[in-house]
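**Q** Note that our numbering has the sequence shown beginning at 7, numbered continuously upward. Note that CB positions come from ideal geometry on N, CA and C, so glycine has one too. Since the model is a prediction, treat every value here as computed from it, not as a measurement. Input: one structure, supplied below.
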Amino acid sequence: MDKIKIGFFGCGFMGQLAHMSNYAALDTCEIVGVTDVKQKQAALVAAAYGIPKVYASARDMLADPAIVAVVAAQPFTNHVNIVCDVLNAGKHLLTEKPLCVYPQNGHVLVECAKANGMIHMVANHKRSDPAVEYAMGAIKAWKASGEMGALKYIRITMPPGDWVAGAASRGRPIITDEPGAAFAPEPLPHGFEPALADAYVSFVNYYIHQVNLMRHLLGEDYRLTYADKSGVLLVAESESGVSGIIEMAPYSTSDSWQESALVCFEHGYISIDLPAPLASQQAGKVTVFTDVGGKGSYMSPTLPNISAMRNQAANFIRAINGEISPPCQSYEALKDLEIAMEYILMIN
Numbered sequence: 007m008d009k010i011k012i013g014f015f016g017c018g019f020m021g022q023l024a025h026m027s028n029y030a031a032l033d034t035c036e037i038v039g040v041t042d043v044k045q046k047q048a049a050l051v052a053a054a055y056g057i058p059k060v061y062a063s064a065r066d067m068l069a070d071p072a073i074v075a076v077v078a079a080q081p082f083t084n085h086v087n088i089v090c091d092v093l094n095a096g097k098h099l100l101t102e103k104p105l106c107v108y109p110q111n112g113h114v115l116v117e118c119a120k121a122n123g124m125i126h127m128v129a130n131h132k133r134s135d136p137a138v139e140y141a142m143g144a145i146k147a148w149k150a151s152g153e154m155g156a157l158k159y160i161r162i163t164m165p166p167g168d169w170v171a172g173a174a175s176r177g178r179p180i181i182t183d184e185p186g187a188a189f190a191p192e193p194l195p196h197g198f199e200p201a202l203a204d205a206y207v208s209f210v211n212y213y214i215h216q217v218n219l220m221r222h223l224l225g226e227d228y229r230l231t232y233a234d235k236s237g238v239l240l241v242a243e244s245e246s247g248v249s250g251i252i253e254m255a256p257y258s259t260s261d262s263w264q265e266s267a268l269v270c271f272e273h274g275y276i277s278i279d280l281p282a283p284l285a286s287q288q289a290g291k292v293t294v295f296t297d298v299g300g301k302g303s304y305m306s307p308t309l310p311n312i313s314a315m316r317n318q319a320a321n322f323i324r325a326i327n328g329e330i331s332p333p334c335q336s337y338e339a340l341k342d343l344e345i346a347m348e349y350i351l352m353i354n
C-alpha cells in the first residue's frame with residue numbers, strides 16, 4: 007500500500023512535539039510539505055525532518071493534488087478559519103482538541119465534513135493510549151458477557167501537573183522569533199459576557215479531554231447533573247443511568263502527572279493510569295480487578311511502549327486507509343463543546 011502523503015499546517019511547539027515527530031516516525035505515511043506564517047521556522051523544521059516542500063501559504067498546499075491529508079497543528083481558536091478550507095479541498099483532516107470554541111460554529115464544521123465526505127478527526131489522543139484501548143476492549147467484553155454484572159460508575163481524575171514531562175529538552179522544538187499569525191476570533195454567543203467566555207475557554211482548553219473520555223468509557227452519551235462552583239467536581243449520568251464524576255482539580259502537582267480513570271462494574275473494575283500528554287513513548291497502565299464467586303484477583307497487562315500521540319498518528323492513517331473508524335470524529339467532538347457550555351452555564 008502506498009504511503010499516505012501528509013501536509014502540515016503549522017509547525018510550532020505542539021506541531022513538532024505532539025504531531026510532526028510522531029508522523030515522521032511512521033512507515034505508513036510521508037510528510038511531503040509544511041506551511042506556517044513563520045516561514046523561516048517552517049524552512050528550518052522542514053530541513054530537520056527532511057520534508058521536501060515549504061509552501062508559501064495554506065492555499066498553495068491545498069492546491070497540491072499529491073497531498074491526501076492535512077494535520078492542522080493550530081490553536082483551536084483558529085479552527086473556524088481553516089477547517090472548511092481543508093475539507094472543501096478534498097483533504098482528510100486532523101485538528102487538535104477541541105473542535106473549535108463554541109458549539110454553534112462546531113455545527114458548521116461538522117456539516118462541512120459530512121458534505122465533503124471527508125474525515126475530520128479531532129485529536130482527543132487519550133482514546134489512542136494503549137491503556138485506554140485495552141480498557142475499552144475489556145469494558146465491551148464485560149458488557150457483552152454480563153459476567154461482571156452491570157457497569158455502575160466511572161471516575162476520571164486529572165489534577166493540574168507537569169503535562170510536558172520534559173519534552174522540550176529532547177532536542178525539539180525549533181522556534182524562531184518571527185511574529186505569529188493574526189486571525190479573526192470566533193464571535194461571542196449572544197448574551198455571553200467576556201468574563202463568562204474566558205471561564206468557558208479555560209475549561210474547554212484544559213478539561214475537554216476528560217469530557218470526551220467520559221463518553222468514550224461509558225460507550226454512550228451523558229448529561230450533567232451537578233457541578234460545584236469551586237471547579238473540582240463535574241457529575242454526570244449516562245443515557246442508561248450510569249453515574250460518572252470528573253474530578254478536575256482536587257489538588258495540583260509540580261513535578262508529575264497524576265491522571266487516572268476508574269471504571270466500576272458490580273463484580274470488578276478497570277483502573278487506568280495515564281502518562282503526561284507529551285511523555286516520550288510511554289503508554290498508560292491498566293489494573294483489572296475481578297471478584298467472581300467470592301474470589302478476587304488482580305491482573306496488569308503488558309502494553310507496548312508507544313505513546314498515545316504516536317498511536318493517534320497511526321490511527322489517523324489507518325482511518326484514511328479504511329482499516330478502522332476514526333477514534334473521534336468532529337460530530338462527537340461537538341458534543342463535548344455542548345457539555346462544556348452546559349457546565350459553564352450551570353456554575354454561573
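Just to confirm my understanding: we take Pro195, look at its own chain, exclude 5 residues before and 5 after, and list those with CB closer than 7 Å. What are they?
**A** So the qualifying residues of the chain are Tyr108, Gln110.
**Q** Along the chain, where does the beta strand (DSSP E) containing Asp372 start, and where does it finish?
**A** Nothing can be reported for residue 372: it is not among the residues displayed for the chain, which extend from 7 to 354.
**Q** Could you tell me the distance, in whole angstroms, from the CA atom of Ala24 to the CA atom of Lys46?
**A** Taking the straight line joining both Cα atoms gives about 21 Å.
**Q** Return yes when the C-beta of His25 is under 6 Å from any heavy atom of the ligand GTP, and no when it is not.
**A** Of the ligands one can find in the structure shown there are none, so the ligand GTP has no counterpart to examine.
**Q** At 4 residues or longer, what runs of the alpha helix (DSSP H) sit wholly inside the stretch 26-86?
**A** Listed in chain order, the complete alpha helix (DSSP H) runs (minimum 4 residues) inside the stretch 26-86 are 45-55, 64-68.
**Q** List the endpoints of the continuous alpha helix (DSSP H) containing Tyr349.
**A** 336-353 is the span of the alpha helix (DSSP H), which, as asked, contains Tyr349.
**Q** Buried or exposed for Met7, going by 16 or more other Cβ atoms inside 10 Å?
**A** Exposed, because fewer than 16 other Cβ atoms sit within 10 Å of the Cβ of Met7.
**Q** If I measure Cβ to Cβ from Ala187 and keep anything under 8 Å in the same chain, skipping five residues before and after, which residues do I get?
**A** Counting only Cβ-Cβ distances below 8 Å, and skipping sequence neighbours, we find Val43, Asn84.
**Q** Identify, in the order they occur along the chain, each residue of the same chain with its Cβ nearer than 7 Å to the Cβ of Phe209, setting aside the five sequence neighbours on each side.
**A** Hits under 7 Å: Ala346, Tyr349, Ile350.
**Q** Are at least three pairs of beta-carbons, each pair with one atom in the stretch 200-220 and one in the stretch 114-121, less than 8 Å apart?
**A** Contact between the stretch 200-220 and the stretch 114-121 is absent, because fewer than three Cβ pairs lie under 8 Å.
**Q** Could you tell me which residues DSSP puts in a beta bridge with Lys3?
**A** Since the displayed the chain opens at 7 and closes at 354, residue 3 lies outside it and no answer follows.
**Q** Is the beta carbon of Ile252 less than 7 Å from the beta carbon of Ile162?
**A** Yes, Cβ-Cβ distance for Ile252 and Ile162 is below 7 Å.
**Q** Please work out which residues of its chain come closer than 6 Å, Cβ to Cβ, to Val294, disregarding the five sequence neighbours upstream and downstream, and give them in chain order.
**A** So the list reads Ile276, Met305, once near-sequence residues are dropped.
**Q** Within its chain, find whatever has a CB closer than 8 Å to the CB of Asp66; leave out the 5 residues flanking it on each side and keep chain order.
**A** If we look at Asp66 and ignore the five residues flanking it on each side, its Cβ neighbours are Thr41.
**Q** Around the C-beta of Ser27, are 16 or more other C-beta atoms found within 10 angstroms, so that it is buried, or is it exposed?
**A** That one is buried.
**Q** Taking C-alpha atoms, which residue in Val92, Ser244, Asp135 lies nearest to His126?
**A** For the residues Val92, Ser244, Asp135, the minimum Cα distance to His126 belongs to Val92.
**Q** Who does Glu199 pair with in a DSSP beta bridge?
**A** Glu199 pairs with nothing; no bridge assigned.
**Q** In this structure, how does DSSP classify Cys106 when only helix, strand and coil are distinguished?
**A** Three-state DSSP puts Cys106 in coil, outside helix and strand.
**Q** According to the neighbour-count rule (16 or more other Cβ atoms, all chains shown, within 10 Å of its Cβ), is Pro256 buried or exposed?
**A** Exposed, by the Cβ-count rule.
**Q** Any contact between the stretch 296-304 and the stretch 15-22? By contact I mean 3 or more CB pairs, one from each, below 8 Å.
**A** Flag = no, the stretch 296-304 and the stretch 15-22 do not touch.
**Q** Taking its Cβ as the centre, do 16 or more other Cβ atoms sit within 10 Å of Arg316, making it buried, or is it exposed?
**A** Under this definition Arg316 is a buried residue.
**Q** Taking 6 Å as the limit between beta carbons, can you name the residues of its chain near Tyr61, skipping five residues before and five after?
**A** Hits under 6 Å: Gly39, Thr41, Met67.
**Q** My understanding is that Val74 touches His98, with C-beta atoms under 8 Å, so please give their C-beta distance in whole angstroms.
**A** Sure, about 7 Å apart at Cβ, within 8 Å.
**Q** Does DSSP put Met20 in a helix, in a strand, or in coil?
**A** Met20: helix per DSSP, three-state reduction.
**Q** DSSP state of Ala141, grouped into three classes?
**A** Ala141: helix per DSSP, three-state reduction.
**Q** Starting from the C-beta of Ala51, find all residues in its chain whose C-beta is less than 6 Å away, skip the five residues before and the five after it, and write them out in chain order.
**A** In the sequence under discussion, the amino acid at residue 51 is Val, which differs from the Ala named in the question. Excluding sequence neighbours, Val51 sits near Cys17, Ile180.
**Q** According to DSSP, is Gly112 part of a helix, a strand, or is it coil?
**A** Helix, per DSSP.
**Q** Let me confirm a value: Pro281 is counted as buried when at least 16 other C-beta atoms fall within 10 Å, else exposed. Which label applies?
**A** With 16 or more other Cβ atoms within 10 Å, it is buried.
**Q** Is Leu32 closer than 7 Å to Ala320 when the C-beta atoms are compared?
**A** Yes, Cβ-Cβ distance for Ala320 and Leu32 is below 7 Å.
**Q** Compare the Cα-Cα distances from Glu139 to each of Ala339, Thr296, Ser286, Asp279 and report the closest residue.
**A** Per the Cα distances, Asp279.
**Q** Rounded to whole angstroms, what's the CA-CA distance from Met352 to Val238? Just pull it up for me.
**A** Approximately 14 Å between the Cα atoms of the pair.
**Q** Taking the continuous beta strand (DSSP E) assigned at Ala314, which residues delimit it?
**A** Premise fails: Ala314 lies in the alpha helix (DSSP H), 314-326, not in any beta strand (DSSP E).
**Q** Is it the case that the Cβ atoms of Lys59 and Glu36 are separated by a distance below 7 Å?
**A** Contact: no.
**Q** Run through the stretch 240-277 for me and flag every whole alpha helix (DSSP H) of 4 or more residues, listed as ranges in chain order.
**A** Runs found: none.
**Q** How would you call Glu102, buried or exposed, if buried means at least 16 neighbouring beta carbons within 10 angstroms?
**A** Buried, by the Cβ-count rule.
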